[in-house]
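Novice: For the sequence shown, the tail end lands on 382 under our numbering, and the numbers increase by one without skipping.
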Amino acid sequence: MTMHNFLETDYARMRIADSILYFEYKPTQIRGIELARRIVSDRIQFQNGRAYPVLCDASNLLDADTIARNFFAYEGTLLTKAISFLVQPIHNKARAEFFVQSNTHLVPTGIFTNEEQALDFLKSYI
């Protein structure tokens, strides 16, 4: 498989820059395990077997049900060294904080409304 620097799917845009994977959700609702699996599978294939710290821009994520959130908290951390959730507006931050507090995460996880702070969190995991 050839490594590419950018991938766009129906649900997200992904790129790798400065040894960080930038993952940006498109406006979408994630319902059920199948869509959650597809999103994670697309990311893992894009990474081509290499682990990265991930800046996950969840600003456009409209909703994810409990099944999807549980999947992301465990299987969704494969090939991730750490995850920074970038969220806007404030209601997304509250939802992200609930997600992080209600699920055991297998990698260091932070929630930020500022991209520079989110990237600073990830730098020690490069």
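The beta-carbon is built from N, C-alpha and C at its ideal position, and this holds for glycine as well. Owing to the predicted nature of the structure, the values given are computational and were not obtained by experimental measurement.
If I measure Cβ to Cβ from Leu362 and keep anything under 6 Å in the same chain, skipping five residues before and after, which residues do I get?
Specialist: What you label residue 362 is simply residue 106 of the sequence shown in a count that begins at 1. Only Thr333 meet the Cβ criterion.
Novice: Can you give me the Cβ contacts of Ile276 inside the same chain, cut-off strictly under 8 Å, excluding the 5 residues immediately before and after it?
Specialist: Position 20 of the sequence shown, counted from the first residue, corresponds to residue 276. Cβ within range, chain order: Tyr308, Pro309, Val310, Leu311, Leu375, Leu378 and Ile382.
Novice: Using a Cβ-Cβ cutoff of less than 6 Å, which residues in the same chain neighbour Asp319 once the five nearest sequence positions on both sides are dropped?
Specialist: Reading the sequence shown from its first residue, position 63 is the one you call residue 319. Result list for Asp319: Gln285, in chain order.
Novice: Compute the distance between the beta-carbons of Ile289 and Ile339, then report whether it is under 9 Å.
Specialist: Position 33 of the sequence shown, counting from 1, holds the residue named residue 289. Position 83 of the sequence shown, counting from 1, holds the residue named residue 339. It is not a contact, given that the beta carbons lie outside the stated cut-off.
Novice: Out of Arg269, Phe327 and Leu317, which has the shortest C-alpha to C-alpha gap to Phe302?
Specialist: Locating residue 302 in the sequence shown gives position 46, where the first residue counts as 1. For the residues Arg269, Phe327 and Leu317, the minimum Cα distance to Phe302 belongs to Arg269.
Novice: Should Thr365 and Gln344 be called a contact, given that it needs their Cβ atoms to be closer than 9 Å?
Specialist: Here residue 365 refers to the residue found at position 109 of the sequence shown. Here residue 344 refers to the residue found at position 88 of the sequence shown. No, the pair does not count as a contact, with Cβ atoms beyond the cut-off.
Novice: Would you call Arg299 buried or exposed, if buried means 16 or more other Cβ atoms sit within 10 Å of its Cβ?
Specialist: Translated into the one-based positions of the sequence shown, residue 299 becomes position 43. Arg299 should be labelled buried.
Novice: Going by alpha carbons, who is nearest to Ser380 out of Lys337, Phe341 and Tyr281?
Specialist: Sequence index remark: in the sequence shown, residue 380 carries index 124 (1-based). Comparing Cα positions, the closest option is Lys337.
Novice: So Leu213 and Glu371 are in contact, right, with Cβ under 8 Å, and what is the actual spacing, rounded?
Specialist: Shown here, the chain extends from 257 to 382; a query on residue 213 therefore has no answer.
Novice: Between the C-alpha atoms of Thr258 and Asn304, what's the straight-line distance to the nearest angstrom?
Specialist: Taking the first residue of the sequence shown as position 1, residue 258 is located at position 2. Taking the first residue of the sequence shown as position 1, residue 304 is located at position 48. Because the pLDDT of Thr258 is 45, which lies under 50, any placement of that residue in the model is unreliable, and the question is left without a value.
Novice: Let's see if you can read the secondary structure: which residues bound the beta strand (DSSP E) around Lys337?
Specialist: Taking the first residue of the sequence shown as position 1, residue 337 is located at position 81. Segment Thr336 to Leu342, the beta strand (DSSP E) holding Lys337.
Novice: For Leu317 and Ile272, I'd like the C-alpha separation in whole angstroms.
Specialist: Here residue 317 refers to the residue found at position 61 of the sequence shown. Here residue 272 refers to the residue found at position 16 of the sequence shown. Rounded to the nearest angstrom, the two C-alpha atoms are 20 Å apart.
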